[in-house]
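Just below is one structure, and these are the notes that go with it.
Protein chains in written order, with my numbering: chain A, 4 to 330; chain B, 48 to 372.
Written out as structure tokens, the structure is:
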């Protein structure tokens with residue numbers, strides 16, 4: 004059985020114009036020890052998908068309006084708040100994009116990591132201190148004794164993100180959701196953090212949902228990928244296969260629009276980048292049919308009327324597109 | 048300068064910018080940050096130079112010095128052969144016509160209360176004596192040039208998407224017919240699918256107006272795609288500088304090598320785990336002695352810890368390293 008099984012998830016937000024779906028009939032599964040890449044641009048619904056799984060959608064403005072999230076034999080969407088809280092930080096963990104704003108500036112790194120233990124009722128101070136030290140060593144923080152006493156502003160961005168990962172790993176979760184964990188970091192530090200996540204999923208056989216918009220990160224670090232656009236998954240499959248033979252016009256365009264390093268021979272003329280015309284739709288716009296239709300090179304009359312269903316084209320590689328060329 | 052003087056647009060010599068840090072007590076000695084430290088840059092008319100480095104390495108300070116938004120503490124900047132290092136008043140305003148800036152975040156850099164054409168007209172109002180009607184016309188023509196419509200010229204920034212806003216930012220930079228455009232991370236705030244549009248637009252405008260660009264970015268693939276030459280900066284110094292192809296195909300400085308190796312390659316069939324380069328960027332107010340990269344460098348020796356390497360010519364590029372076998 005899959006570790007995480009998201010089925011037809013719908014998450015709605017209240018807007019002045021009425022409820023709008025940020026996540027629309029999204030389905031995917033994550034196995035233990037696997038990294039699933041969730042790729043999409045801003046507003047594609049990838050972060051809201053993550054928040055829905057964690058039960059962190061602000062119920063003042065949004066709600067899970069349909070579907071199920073299967074995890075360890077339970078449906079997380081039906082779980083009472085208290086039970087969900089007992090899971091969060093213990094069996095399900097999340098690391099956020101901006102470590103500086105996700106950490107509390109008023110507490111030391113040590114106290115914040117220890118908070119994960121306190122929240123689950125482990126109040127033995129001496130034991131917690133030791134566990135925090137072990138966690139900091141696990142994520143390769145140099146001088147853990149010193150870092151423990153520092154405040155977030157006193158350590159570097161890479162260290163903060165590692166401290167966040169340490170916090171997320173407090174109870175060795177089964178599922179780790181990493182929402183753009185390296186967007187705020189420099190490339191050399193990015194490599195350190197991603198290599199760390201990769202090593203931990205091997206050592207602890209974590210299931211990982213890695214949310215990113217960086218095509219390079221998806222190619223290098225994920226086993227399977229789900230491409231999101233306008234709140235829906237438009238293509239999913241094994242990473243190598245999706246990159247070798249993308250089927251959905253959006254995936255095709257996205258992969259072609261990214262400049263590649265060292266693809267040009269010395270002296271060779273530079274080519275124009277392939278563009279996807281137009282811009283990313285906002286969830287406030289109501290559209291019938293496929294949300295990509297107005298930017299798509301292969302759009303047909305049918306695309307404007309009917310949402311294309313997800314169809315499996317080859318084993319494990321599915322896409323939601325009417326275009327037959329996608330087959 | 049001899050010979051190529053006519054074609055040399057920008058000459059930066061030994062440029063340094065030092066900031067004085069605030070002291071916690073008046074009895075503490077003064078401390079400084081050398082944000083930019085002895086930088087030399089040459090840019091020819093029509094050429095594009097990429098500046099690459101991690102956050103805090105001084106690349107934005109360098110750009111601000113070149114644009115004379117900051118007055119450098121040392122060295123000289125010549126634009127078109129004229130020294131503008133300490134220019135003031137009318138001379139500085141004249142120089143500013145020739146160089147313009149495209150900002151990173153098109154959401155923060157456009158005044159939300161101005162219409163698109165007013166935003167583009169603003170530099171004309173400030174630095175040219177074009178009559179109002181003509182300035183309006185020119186602003187609208189520029190907006191059309193960057194791919195917006197006449198009707199959109201009347202709209203406010205919030206009515207545009209990120210990519211369209213960046214187009215306004217570019218039109219605004221072009222308003223005064225500059226020779227040099229500095230773009231600080233021009234696409235990093237944009238969606239991936241929109242980046243290609245802006246990069247292509249910049250390439251088209253460069254060809255059409257014979258512009259020179261200085262593009263600051265941490266994305267090496269973008270630098271390789273748009274730039275002729277590249278300068279890699281580490282802690283305020285250029286560690287390697289030369290033609291993009293030369294450097295990216297055979298980097299000589301260990302830092303350049305590490306940077307290139309750290310970029311995740313968008314090809315899942317070529318998986319490699321970059322040997323992590325250890326540690327973080329050191330604190331710029333207390334840089335390590337000798338070569339500032341030595342604490343993170345796999346090749347560091349006793350020499351590196353004591354003596355900063357001088358830039359030297361090697362295989363068609365300039366590199367500052369003791370150990371470039």
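We put the CB at the ideal spot given by N, CA and C, even for glycine.
Among the options, the one whose alpha carbon lies nearest that of residue i
{"i": "residue 5 of chain A", "options": "A:260, A:321, A:21 and A:32", "result": "A:32"}
{"i": "residue 365 of chain B", "options": "B:121, B:279 and B:313", "result": "B:279"}
{"i": "residue 45 of chain A", "options": "B:241, B:352 and B:310", "result": "B:241"}
{"i": "residue 103 of chain A", "options": "A:162, A:278 and A:245", "result": "A:162"}
{"i": "residue 235 of chain A", "options": "A:153, A:183 and A:50", "result": "A:50"}
{"i": "residue 277 of chain A", "options": "B:247, B:147 and B:113", "result": "B:247"}
{"i": "residue 325 of chain B", "options": "B:317, B:301 and B:333", "result": "B:301"}
{"i": "residue 312 of chain A", "options": "A:239, A:169, A:256 and A:226", "result": "A:239"}
{"i": "residue 183 of chain B", "options": "B:171, B:194, B:137 and B:192", "result": "B:171"}
{"i": "residue 229 of chain B", "options": "B:249, B:336 and B:86", "result": "B:249"}
{"i": "residue 95 of chain A", "options": "A:110, A:105 and A:79", "result": "A:79"}
{"i": "residue 233 of chain B", "options": "B:199, B:270 and B:84", "result": "B:270"}
{"i": "residue 109 of chain A", "options": "A:156, A:19 and A:289", "result": "A:156"}
{"i": "residue 76 of chain B", "options": "B:198, B:156 and B:68", "result": "B:68"}
{"i": "residue 171 of chain A", "options": "A:153, A:76, A:160 and A:203", "result": "A:203"}
{"i": "residue 263 of chain B", "options": "B:139, B:121 and B:106", "result": "B:106"}
{"i": "residue 120 of chain A", "options": "A:208, A:175 and A:193", "result": "A:175"}
{"i": "residue 137 of chain B", "options": "B:156, B:175, B:371 and B:122", "result": "B:175"}
{"i": "residue 62 of chain A", "options": "A:48, A:19, A:47 and A:84", "result": "A:84"}
{"i": "residue 317 of chain B", "options": "A:153, A:286 and A:225", "result": "A:225"}
{"i": "residue 173 of chain A", "options": "A:65, A:185, A:307 and A:207", "result": "A:207"}
{"i": "residue 98 of chain B", "options": "B:337, B:367 and B:261", "result": "B:261"}
Partners in chain A for residue i, counting only beta-carbon separations shorter than 7 Å
{"i": "residue 320 of chain B", "result": "198"}
{"i": "residue 221 of chain B", "result": "Result: empty, since nearest Cβ-Cβ is about 20 Å, beyond 7 Å."}
{"i": "residue 247 of chain B", "result": "275, 276 and 278"}
{"i": "residue 313 of chain B", "result": "218, 219, 222, 261 and 263"}
{"i": "residue 324 of chain B", "result": "191"}
Neighbour list for residue i in chain B, Cβ cutoff strictly below 9 Å
{"i": "residue 322 of chain A", "result": "Near residue 322 of chain A there are no residues of chain B at all, since even the closest Cβ is about 17 Å away, more than 9 Å."}
{"i": "residue 48 of chain A", "result": "Simply none; closest approach about 14 Å."}
{"i": "residue 216 of chain A", "result": "238 and 239"}
{"i": "residue 88 of chain A", "result": "Simply none; closest approach about 34 Å."}
Whole-angstrom C-beta distance between residue j and residue i, which should lie under 8 Å
{"i": "residue 189 of chain A", "j": "residue 102 of chain B", "result": "6 Å"}
{"i": "residue 38 of chain A", "j": "residue 55 of chain A", "result": "Not confirmed; about 19 Å, so no contact."}
{"i": "residue 273 of chain B", "j": "residue 294 of chain B", "result": "At roughly 15 Å, the Cβ-Cβ gap does not stay under 8 Å, so residue 273 of chain B and residue 294 of chain B are not in contact."}
{"i": "residue 93 of chain B", "j": "residue 235 of chain B", "result": "Wrong, their Cβ atoms sit about 25 Å apart, outside the cutoff."}
{"i": "residue 223 of chain A", "j": "residue 311 of chain B", "result": "4 Å"}
{"i": "residue 127 of chain B", "j": "residue 62 of chain B", "result": "That belief does not hold up - the Cβ atoms of residue 127 of chain B and residue 62 of chain B are roughly 17 Å apart, past 8 Å."}
{"i": "residue 104 of chain B", "j": "residue 281 of chain B", "result": "6 Å"}
{"i": "residue 72 of chain A", "j": "residue 9 of chain A", "result": "5 Å"}
{"i": "residue 228 of chain A", "j": "residue 245 of chain A", "result": "5 Å"}
{"i": "residue 41 of chain A", "j": "residue 279 of chain A", "result": "Not quite, the Cβ-Cβ distance comes to about 19 Å (not below 8 Å), so this is no contact."}
{"i": "residue 151 of chain B", "j": "residue 220 of chain B", "result": "Contact flag wrong, Cβ pair sits at about 13 Å."}
{"i": "residue 167 of chain A", "j": "residue 106 of chain A", "result": "7 Å"}
{"i": "residue 323 of chain A", "j": "residue 237 of chain A", "result": "5 Å"}
{"i": "residue 43 of chain A", "j": "residue 221 of chain A", "result": "Going by Cβ atoms, the distance from residue 43 of chain A to residue 221 of chain A rounds to 11 Å, so no, they are not a contact pair."}
Amino acids of chain A, ordered along the chain, whose beta-carbon sits closer than 9 Å to that of residue i
{"i": "residue 316 of chain B", "result": "222, 243, 246 and 247"}
{"i": "residue 234 of chain B", "result": "Neighbours of residue 234 of chain B on chain A: none; closest Cβ ~10 Å, over 9 Å."}
{"i": "residue 81 of chain B", "result": "Per Cβ cutoff of 9 Å: no residues; residue 81 of chain B is ~19 Å from chain A at best."}
{"i": "residue 208 of chain B", "result": "281, 282, 283 and 285"}
{"i": "residue 278 of chain B", "result": "Correct list: empty, because the minimum Cβ distance to chain A is about 17 Å."}
Proximal chain B residues relative to residue i, where beta-carbon distance stays under 8 Å
{"i": "residue 189 of chain A", "result": "101, 102, 265 and 328"}
{"i": "residue 159 of chain A", "result": "327 and 328"}
{"i": "residue 304 of chain A", "result": "In chain order: nothing, as chain B lies at least about 24 Å away."}
{"i": "residue 257 of chain A", "result": "239 and 240"}
Amino acids of chain A, ordered along the chain, whose beta-carbon sits closer than 8 Å to that of residue i
{"i": "residue 211 of chain B", "result": "282"}
{"i": "residue 271 of chain B", "result": "262, 264, 265 and 267"}
Chain-ordered neighbours of residue i on chain B, where CB pairs are closer than 7 Å
{"i": "residue 45 of chain A", "result": "238"}
Residue i beta carbon near the ligand ATP (any heavy atom closer than 7 Å)
{"i": "residue 131 of chain B", "result": "Of ligands this structure carries none, so the ligand ATP is not represented either."}
| request: Quick one: which unbroken beta strand (DSSP E) runs of 3-plus residues sit fully inside the segment 117-147 of chain B? Chain order, please. | output: 121-126
| query | Going along the chain, which residues of the segment 287-299 of chain B sit with their C-beta nearer than 8 Å to a C-beta in chain A? | reply | 292, 293, 295 and 296
| request: Only counting runs of 3 or more residues, tell me where the beta strand (DSSP E) segments fall wholly within the segment 185-262 of chain A, in order along the chain. | output: 210-215, 227-232 and 235-241
| request: Note down, in chain order, all residues in the segment 102-133 of chain A with a beta-carbon under 8 Å from any beta-carbon belonging to chain B. | output: none
| task | Pull out every residue of the segment 165-181 of chain B whose Cβ sits closer than 9 Å to any Cβ of chain A, in chain order. | result | none
| query | When you check each C-beta in the segment 160-180 of chain A against every C-beta of chain B, which residues fall closer than 9 Å? | reply | 160, 161 and 162
| Which full runs of the beta strand (DSSP E) of 3+ residues lie inside the segment 61-138 of chain A, going along the chain? | 65-74 and 95-98
| Entirely enclosed alpha helix (DSSP H) segments - the segment 215-279 of chain B, minimum 4 residues | 239-256 and 267-273
| said: For a minimum of 4 consecutive residues, which ranges assigned as the alpha helix (DSSP H) are wholly contained in the segment 283-335 of chain B? | reply: 291-296 and 301-309
| field | Runs of beta strand (DSSP E) lying entirely within the segment 13-52 of chain A, each at least 3 residues, in chain order | value | 21-33 and 38-42
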